[in-house]
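Under the numbering used here, the residue at position 56 of the sequence shown is numbered 60, and the numbers go up by one with no gaps.
Don't be surprised by glycine CBs; every beta carbon is placed ideally from N, CA and C.
Note that this is a predicted model, so its numbers are computed, not measured.
Below is one structure; the comments refer to it alone.
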Amino acid sequence: MSTMPNPPTPPNPRQNHLLAVLPEAECEHLFPHLEPVSLKLGEALYESGDRLSHVYFLTTAIVSLLYVMENGSSAEIAIVGNEGIVGVALFMGGETMPNRAVVQSEGHAYRLKGSVIKQEFHRSGALQSLFLRYTQALLTQMSQTAVCNRHHTLDQQLCRWLLLSLDRLPTNTLKMTQELIANMLGVRREGVTEAAGNLQHAGLIHYNRGRVTVVDRPGLEARVCECYEVVRKEFCRLLPDVIAVSPWAVSSSQHQRRQTDRD
5 MSTMPNPPTP
15 PNPRQNHLLA
25 VLPEAECEHL
35 FPHLEPVSLK
45 LGEALYESGD
55 RLSHVYFLTT
65 AIVSLLYVME
75 NGSSAEIAIV
85 GNEGIVGVAL
95 FMGGETMPNR
105 AVVQSEGHAY
115 RLKGSVIKQE
125 FHRSGALQSL
135 FLRYTQALLT
145 QMSQTAVCNR
155 HHTLDQQLCR
165 WLLLSLDRLP
175 TNTLKMTQEL
185 IANMLGVRRE
195 GVTEAAGNLQ
205 HAGLIHYNRG
215 RVTVVDRPGL
225 EARVCECYEV
235 VRKEFCRLLP
245 DVIAVSPWAV
255 SSSQHQRRQT
265 DRD
C-alpha cells in the first residue's frame with residue numbers, strides 16, 4: 005500500500021519569532037487581526053516614499069530592504085526574515101520609509117493593518133519594548149551593512165549576505181540568480197560571478213541554475229568579515245527572549261565550539 009506524503013505544515017503566526025515570544029494577553033489582542041498572505045519572489049511590499057498601510061510579520065519568506073538611487077541602481081541595506089517585521093516606520097511614527105522592500109525568497113507572512121499595530125504599540129508595554137529592541141537590532145544591521153560595503157571585499161560581502169539569508173531559511177539552499185544577488189549587493193554581475201566562483205572553488209558553496217547551496221557553513225563563517233558576527237551578537241544582546249525560539253541566533257561554529265566544550 006502506498007503512503008500519502010505528509011501535508012504541509014499550515015502557517016502559524018508563532019513561526020515569526022517576535023510573535024512567538026509575546027505574552028499570551030498581547031497575542032489575544034493581536035492575533036485576530038493578522039491576515040495570512042503569500043509573498044512571491046520579486047514582489048514589492050512598498051516603494052521608497054510610499055505611505056505605509058500594513059506591517060508584515062514574516063514566517064517563511066525573506067524580504068530585502070533596498071535603497072534605490074535616482075539612476076535606478078540599488079543596494080541592500082538589511083534583510084528581514086522570520087526574526088522580524090517589515091514596516092517599522094508605522095509604529096515608530098514615520099509613516100513612510102526611504103527604501104524599497106522586495107521579496108528575496110518567496111514564502112508566507114502575516115499582514116497587520118497600520119491602525120492596529122499603532123494602537124497595540126502604544127497600549128502594551130511588553131509589545132512596545134520588544135518592537136523597539138528589534139528596531140535597534142535592525143538599525144545595527146543597516147549601519148554594519150554600510151560599513152561592510154565600503155571596507156570589505158566582495159567575497160566577504162557575499163559570505164555575509166549568504167549567511168544572513170541562510171539564517172532565515174529552513175534549508176541550506178537559496179533560489180537566487182547572480183543578477184539578483186548583484187542588485188542586492190549593488191555591484192556588477194561580473195563581480196558576483198567571480199566571487200561566487202571563488203567560494204565554489206574553495207568548496208564552500210555549489211551554484212547551479214539559480215540555486216546556491218551552502219555545503220560548508222563553518223568554512224563560510226571562517227571566511228566572512230566581522231560584520232556578520234557583529235549583527236548576530238547585537239541581535240542576541242537586544243533580544244535574548246527571542247533566542248530560545250530562534251535557532252539561527254547561534255551559528256553552526258558556535259554550536260560546534262559549545263559541543264567541544266561539553267565533551
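Counting the other Cβ atoms within 10 Å of the Cβ of residue 157 gives fewer than 16, which makes it exposed. Looking only at 132, 53, 65 and 140, the smallest Cα-Cα distance to residue 98 is reached by 53. Ranked by how close their Cα comes to the Cα of residue 55, the residues 74, 102 and 203 have 102 in first place. Collapsing the DSSP output to three states places residue 213 in coil. Residue 79 is bridged by DSSP to 71. By the criterion of a C-beta distance shorter than 6 Å, residue 18 is surrounded in its chain by 24, once the five residues flanking it on both sides are discounted. Taking 4 residues as the shortest admissible run, the stretch 97-147 contains the following complete alpha helix (DSSP H) segments, listed from N- to C-terminal end: 118-127.
C-alpha of residue 71 to C-alpha of residue 134: approximately 26 Å in a straight line. For residue 55, DSSP records a beta bridge to 100.
DSSP places residue 65 in the coil class of the three-state scheme, outside both helix and strand. By the beta-carbon neighbour count (other beta carbons within 10 angstroms, threshold 16), residue 75 is exposed. Linking residue 122 to residue 224 through their CA atoms gives a straight-line distance of about 40 Å. Nearest neighbour of residue 234 by Cα position, chosen from 186, 144 and 218, turns out to be 144. Residue 237 carries a helical assignment under DSSP once its states are collapsed to helix, strand and coil.
Annotation for residue 202: 159 place their beta carbon closer than 8 Å to its own, counting only its chain and skipping 5 residues before and after. Look at the beta carbons and you see the stretch 182-199 not touching the stretch 229-245: under three pairs across the two are nearer than 8 Å. In this structure, DSSP gives residue 230 a state outside helix and strand, which the three-state scheme calls coil. If you draw a straight line from the Cα of residue 213 to the Cα of residue 45, it is about 16 Å long. DSSP places residue 25 outside any alpha helix (DSSP H), giving it a letter other than H or E.
Sequence-distant Cβ neighbours of residue 210 in its own chain, meaning closer than 6 Å and more than five residues away, are 217 and 219. The bridge partners DSSP lists for residue 44 come to none.
Here the alpha carbon of residue 69 sits roughly 13 Å from the alpha carbon of residue 165. Here residue 92 carries a coil assignment [DSSP, helix/strand/coil].
Residue pairing by DSSP places residue 218 opposite 209 in a beta bridge. For the pair residue 90 and residue 67, the Cα-to-Cα distance works out to about 8 Å. Under DSSP, the beta-bridge partners assigned to residue 177 are 217. Counting only residues of its own chain and dropping the five nearest sequence neighbours on each side, residue 27 has a CB closer than 6 Å to the CB of 130.
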